[in-house]
Structure formats: structure tokens, C-alpha cells
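Chemist: Position in the sequence shown (first residue = 1) + 48 = our numbering. We treat Cβ as the ideally placed atom computed from N, Cα and C, and that holds for glycine. Here the structure is a predicted model, which is why all the values come from computation and not from measurement.
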Amino acid sequence: MCLNCGHEYQDNAAASTNTYGGQDSEFRLYAVGTQPVAYFIHTCPNCGFPHESSLFRPATAQKEIKIDDKEKLKISNCLSAFCENNKVTPDSFTSCQKYEVLAEIHDLRGKPSLVIAEAYINAAWMADDHAHQEKIVIYRLKAVDYLNKALENKEIKADKVPIFTYLIGELYRRAGKFDQALEFFSRVKTDDPQLESLLKQQTELARKKDTAKSFIKFSPNLEK
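(1) By the 10 Å Cβ neighbour count, where 16 or more other Cβ atoms means buried, how is Val-80 classified, buried or exposed?
(2) Identify every residue that forms a DSSP beta bridge with Glu-152.
(3) Evaluate Asp-139 with the Cβ neighbour count: other Cβ atoms within 10 Å of its Cβ, from every protein chain shown; 16 or more gives buried, anything less gives exposed.
(4) Using 9 Å as the threshold, is the C-beta distance between Leu-247 and Phe-233 below it?
(5) What is the DSSP secondary structure of Thr-91, reduced to helix, strand or coil?
(6) Are Tyr-194 and Cys-144 closer than 9 Å when you measure CB to CB?
(7) Output the boundary residues of the alpha helix (DSSP H) element that contains Gly-217.
(8) Checking the sheet assignment: what are the DSSP bridge partners for Phe-263?
(9) Alpha carbon to alpha carbon, how far is Lys-256 from Gly-224? Give it in angstroms, no decimals.
(10) Is it buried or exposed, Ala-165, if we count other Cβ atoms within 10 angstroms and call 16 or more buried?
(11) Is Tyr-168 helix, strand or coil by DSSP?
(12) Among the candidates Tyr-147, Glu-152 and Lys-205, whose CA atom is the shortest distance from the CA of Ile-184?
(13) Sorted by chain position, which residues of the same chain lie with C-beta nearer than 7 Å to Phe-212's C-beta, five sequence neighbours on each side aside?
(14) From Ser-161 to Ala-167, what distance separates their C-alpha atoms?
(15) When you compare the CB positions of Leu-230 and Thr-251, do they come within less than 9 Å of one another, or not?
(16) How would you call Gly-158, buried or exposed, if buried means at least 16 neighbouring beta carbons within 10 angstroms?
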């Protein structure tokens, strides 16, 4: 059931997945087979409200989550910007726009900056998958803005600051903003040999003005 309009609908969800496809330098995990990121979000066909998988569940489990009338008006205005003639259809949103809408709604509902950044990162990954070149850059730079806010607001634990500072640099590199990438890579202070090795590798790519995706051989703990 939609949290915004109450419409009941069904959608495809990722019942199970795997991580055998590896992990890239932005910490995206890949499956062998269908990539699951597109199935972690569900858009109401009636109003366009995006639901993350954790909220795409029976109405009885949603009782603690409320959207008041003022929020609904803001959400309606947000969604209408993406829909022709303010009418939602199954084709109103591309896979990357679903996450863009989620990020904007998180923002207007006052969610933490880190949560908003995560939505924009997912949008960037969807743009990668569908070769939306302009969006690949736009979403990464949006994610950078909110990650910086998260650092400023101390939403990230002190021991995780190095890995998120690195991530900002890597998002800049993938977006082709090499000077900014090098600046943030240089700010990372760590004694973790794996992160040090990754920094060296990605710094070299930034110096070569290379935006290519690269894969890593370790899985960092990103718990905030």
C-alpha cells in the first residue's frame, strides 16, 4: 500500500541476490545475473511516490509511518515536476529518476543528509547502467553535496570519516572533476593498508584524468 495515497499495488522485488560480481571503487556490489539495485525501489502507479523495499510491505506493518497533509502537498508538487500533465503513468520515471525522486522527497521530509546522498548514489548507478551520460555526472555531484553536509553535521562516526572522505573523492573522479577528486583524496588520513592502497590507485587514475570504473578486493565497513 502506498504511504502517500493509500493505493494498493504490486511490483517486482528482489527476493534474493548475490555479490559474486564483485565490488567497485564506489562500493557498489554487483551480482552475477540481474543487478538488484533497480528492484530496491517501487513507484506507486497512482501518485508516483517511491517506496524503498523496507517500506514496500503490508499496510499493517506501516502503521508507525505517517505522512501528514502538508507533507502530501509538498510531495505532490515534487512528483508533478516529473510527470507530463501532472499524470503518473508506468513510464513516468526512468530507473534513475525513481531514486532522484526518492532523494528529493527525503530532502523535503527532512531526512539526514547521508540518507539523501545514498539515494543520489543509487540514481548515479542506475544512470551508469543505462548510459545516461549527463545524469551520471549530475547525480554524483548531488551525492557529493549531501555527503559534505553529512560530514559537516557529524552524521558520520569519526572512525568512518576517512572512508567517506575517500568516497567523495571517488565520486568526483567518476564525474570527471579531477582537481576536486585529488583534493579529497589528499584529505584522507588513515592507517588502514587496504584504504591506503586504494587511495594510491584512485589518485593515479585522477591524475591521468580517467573516469573509468574500477573494482576493489576488499569490502569496507560503511556503518555510520
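Modeler: Straight from the coordinates:
(1) It is exposed - the Cβ of Val-80 has fewer than 16 other Cβ atoms within 10 Å.
(2) The partner list for Glu-152 (beta bridge, DSSP) is empty, contrary to what the question assumes.
(3) Note on Asp-139: under 16 other CB atoms within 10 angstroms of its CB, so exposed under the neighbour-count rule.
(4) Result yes, Cβ atoms of Leu-247 and Phe-233 sit closer than 9 Å.
(5) Thr-91: strand per DSSP, three-state reduction.
(6) Cβ atoms of Tyr-194 and Cys-144: not closer than 9 Å.
(7) 209-222 is the extent of the alpha helix (DSSP H) around Gly-217.
(8) Among the bridge pairs identified by DSSP, Phe-263 is matched with Asp-72.
(9) A straight line joining the alpha-carbon of Gly-224 with that of Lys-256 spans about 11 Å.
(10) Of the other Cβ atoms in all chains shown, 16 or more fall within 10 Å of the Cβ of Ala-165; this residue is therefore buried.
(11) DSSP places Tyr-168 in helix when its eight states are reduced to three.
(12) Comparing Cα-Cα distances from Ile-184 to each of Tyr-147, Glu-152 and Lys-205, the minimum goes to Tyr-147.
(13) Correct list, in chain order: Leu-195, Leu-199 and Ile-204.
(14) Going by the C-alpha atoms only, they are around 10 Å apart.
(15) Against a cut-off of 9 Å, the Cβ pair of Thr-251 and Leu-230 comes out as a contact.
(16) Looking at its Cβ environment, which holds fewer than 16 other Cβ atoms inside 10 Å, Gly-158 is exposed.
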